Each structure stands twice: as C-alpha cells, then as structure tokens.
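In my numbering, the protein residues as written are 17 to 106.
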C-alpha cells in the first residue's frame with residue numbers, strides 16, 4: 017500500500033488547465049509552497065458535499081492527502097475547510 021501524506025494551508029494558485037493547485041502551508045515550522053497534481057480520481061469535498069476543481073480559489077483553507085507518484089505529489093483527497101460560524105442551511 018502506498019504511503020499517504022498530509023498537508024494543509026491556503027490555496028495560492030489554481031491551475032485549471034494544468035490540473036494542479038499550489039498551497040502555502042507550514043511543514044516542520046517552515047513555510048512552504050507545494051504544488052499538487054489533480055486527476056480524475058482526486059476527491060474534492062467541502063463539508064459533506066463533493067465539489068470540483070472549478071470551485072477552488074485563492075486563499076481558501078484546504079487539507080490535502082497526497083501520495084508521491086513519479087516526480088509529482090498527486091492529491092488523492094482535498095478537503096475544503098468550512099467555517100464553523102457559517103449559517104446552517106435548513
């Protein structure tokens with residue numbers, strides 16, 4: 017089984033054509049910019065709903081589970097943070 021790693025931070029850039037996102041976050045107390053490739057199997061969620069790459073925008077907080085594949089970091093799941101004080105839909 018492949019080793020999954022986690023990274024979280026704010027989206028810096030979304031490349032819809034190249035199917036990738038750049039995320040700014042901390043890794044071992046050092047700020048990093050990491051690029052994650054996205055493919056058709058990448059699961060993007062916001063709360064309990066599934067969303068798409070088109071819904072991702074700069075400065076959105078995300079948590080990513082990824083695996084290293086070839087020389088890329090491939091996002092397996094992208095979880096968009098939902099603010100706790102958001103009004104609840106009835």
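Note that the Cβ used here is the ideal one computed from N, Cα and C, for glycine as well. Note that the structure is a prediction, hence the values are computed from the model and not measured.
Determine the closest residue to residue 75 out of 40, 21, 86, with distance taken between C-alpha atoms. Within the chain shown, the letter at position 59 stands for residue 75. When each option's Cα is compared against that of residue 75, the closest is 40.
Please decide whether residue 25 counts as near chain D, where near means a Cβ-Cβ distance under 8 Å. Checking the listed chains, one finds no chain D in this structure; it contains a single protein chain.
If you follow the beta strand (DSSP E) that residue 41 is part of, which residue opens it and which one closes it? Along the chain shown, read from residue 1 onward, the residue named residue 41 stands at position 25. Where residue 41 is concerned, the enclosing beta strand (DSSP E) stretches over 36 to 43.
Expected contact under 8 Å - CB spacing of residue 36 and residue 51 to nearest Å: Position 20 of the chain shown holds residue 36. Position 35 of the chain shown holds residue 51. Contact holds; Cβ gap of about 6 Å.
For residue 80 and residue 22, which I take to be in contact (beta-carbon distance under 8 Å), what is that distance rounded to the nearest angstrom? Position 64 of the chain shown, counted from the start, is the residue given in the question as residue 80. Position 6 of the chain shown, counted from the start, is the residue given in the question as residue 22. About 7 Å separates the two Cβ atoms, so the contact holds.
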